[in-house]
Amino acid sequence: MPDLSGKVAIVTGCASGIGAATVRRLRSDGADVLGTDINEADGAAVCQAIRARFVRHNVSDTAAWPEIVAQATQRWGRLDILVNNAGVVSQASIEDVTDEIWDRTYDINIKGTMAGCRAAIAAMKANPGGASGALINIASTSAMAALPGDVAYCSSKGAVRVLTQSVAAHCAKAGYAIRCNTIVPGATETGILNDAEEAMPGLKAAVAATSPMNRLADPAETAAAIAFLASDECPYMTGAEMLVDGAMMAVHPGF
Ligand SMILES: NC(=O)c1ccc[n+]([C@@H]2O[C@H](COP(=O)([O-])OP(=O)(O)OC[C@H]3O[C@@H](n4cnc5c(N)ncnc54)[C@H](O)[C@@H]3O)[C@@H](O)[C@H]2O)c1
2 MPDLSGKVAI VTGCASGIGA ATVRRLRSDG ADVLGTDINE ADGAAVCQAI RARFVRHNVS
62 DTAAWPEIVA QATQRWGRLD ILVNNAGVVS QASIEDVTDE IWDRTYDINI KGTMAGCRAA
122 IAAMKANPGG ASGALINIAS TSAMAALPGD VAYCSSKGAV RVLTQSVAAH CAKAGYAIRC
182 NTIVPGATET GILNDAEEAM PGLKAAVAAT SPMNRLADPA ETAAAIAFLA SDECPYMTGA
242 EMLVDGAMMA VHPGF
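According to the numbering used here, the sequence shown is numbered sequentially starting from 2.
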């Protein structure tokens, strides 16, 4: 189990799904955690139950990011981990997508992730002992094999993958011990998939049946991979992608 004691983390989208599982996992591994979400009631409840702090924040409010980071550094004196997890789907194909759908999806999924990395790096550079930290961005297998019915989601998640590489390369070349990696979840039992199930009954079972493991991921399984990337166990791992998809991307579509 990674040891995160003494580390300070921020997790966005902590009210549900992978974010809630991540807050719980990082706390149980010893980190102090600030969770954020636009869903104040559920976010506060998740955090309160495990003695994490909660602040309401819309990740696309880029101007507020430095203040969010300051909430962690002022309380605990440093920032070691940022998990850019908040994300939304939009369910519109290239023929249906509007400028409003496109902008909202990109504002949350990619602009919010960029602003989080930017604000976190500024704080991590000021950590006692020198620049250090771990940035973890959440993409999707939809960024590797596209969804015909959600052009904004899968393309924004594709942008997250390359954003991670650029941030990682910049930090490495600048001599900062700040790593940046991507987690690529496959179909996971969370709010996003439950919403889609309501619109398309039977979807979850159909998706699970296409998985080589014949089931969806539990969010705790994704959180375990996030905790590893957040830890000091992998100091040479940066600019990388870790798939947590039950071999979905590994299997030939015909088999
Ligand atoms: N569930 C899956 O199958 C799956 C697969 C691949 C990738 N992902 C990614 O995992 C991440 C977590 O999603 P999840 O599956 O846990 O879904 P979820 O809906 O359970 O959780 C998403 C959380 O993000 C919050 N959120 C939404 N917009 C926000 C905003 N503007 N600012 C702050 N918080 C906001 C929501 O309130 C919610 O609590 C997302 O980035 C998603 O794209 C999920």
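Built from N, CA and C at the ideal position, the CB exists for glycine as well.
Whole angstroms are fine: how far does the CA of residue j sit from the CA of residue i?
| i | j | result |
| --- | --- | --- |
| C172 | E242 | 17 Å |
| D257 | A53 | Only positions 2 to 256 of the chain appear in this structure, which leaves residue 257 out of reach. |
| S83 | G131 | The question names Ser, yet the displayed sequence has Leu at residue 83. Taking the straight line joining both Cα atoms gives about 17 Å. |
| A175 | A210 | 45 Å |
| A160 | Y237 | 23 Å |
| S61 | P202 | 31 Å |
| W103 | A153 | 6 Å |
| G31 | K8 | 7 Å |
Would you list the residues sitting across from residue i in a DSSP beta bridge?
| i | result |
| --- | --- |
| T13 | T37 |
| P186 | V245 |
| F55 | G36 |
| L83 | I11 and L136 |
Which one of the options has the shortest CA to CA distance from residue i?
| i | options | result |
| --- | --- | --- |
| G269 | S6, V12 and T191 | Shown here, the chain extends from 2 to 256; a query on residue 269 therefore has no answer. |
| S6 | R28, V24 and A22 | R28 |
| N40 | M250, G88 and G240 | G88 |
| A188 | L148, A160, H58 and K174 | L148 |
| W77 | A116, M125 and T99 | M125 |
| C235 | I179, R105, A73 and A22 | I179 |
| H253 | P213, A207 and V163 | P213 |
| L230 | G134, R162 and V168 | G134 |
| M2 | F256, A224, G240 and L244 | A224 |
| D4 | Q72, S232, I109 and G255 | S232 |
| V208 | S167, A153, S143 and K158 | S143 |
| T13 | D30, V47 and M201 | V47 |
| C155 | P220, L164 and S91 | S91 |
Tell me whether residue i sits in a helix, a strand or coil according to DSSP, three-state version.
| i | result |
| --- | --- |
| L204 | helix |
| A111 | In the sequence on display, residue 111 carries Ile and not Ala. Here I111 sits in helix by DSSP. |
| C235 | coil |
| D135 | A small fix is needed here, since residue 135 is Ala in this sequence, not Asp. Reduced to three states, the DSSP call for A135 is strand. |
| A197 | helix |
| R216 | coil |
| R180 | strand |
| I163 | Before going further, note that residue 163 is Val rather than Ile in the sequence given. If DSSP states are grouped into helix, strand and coil, V163 belongs with the helices. |
| D43 | helix |
| D100 | helix |
| S29 | helix |
| M2 | coil |
Margin query: Count Cβ pairs between the segment 118–133 and the segment 58–68 that sit closer than 8 Å; are there 3 or more?
Written below: yes
Checklist line | Stretch-stretch touch, CB-based, cutoff 8 Å, three pairs: the segment 131–150 with the segment 175–184 | finding: yes
Margin query: With three or more beta-carbon pairs closer than 8 Å as the criterion, would you say the segment 191–209 touches the segment 16–31?
Written below: yes
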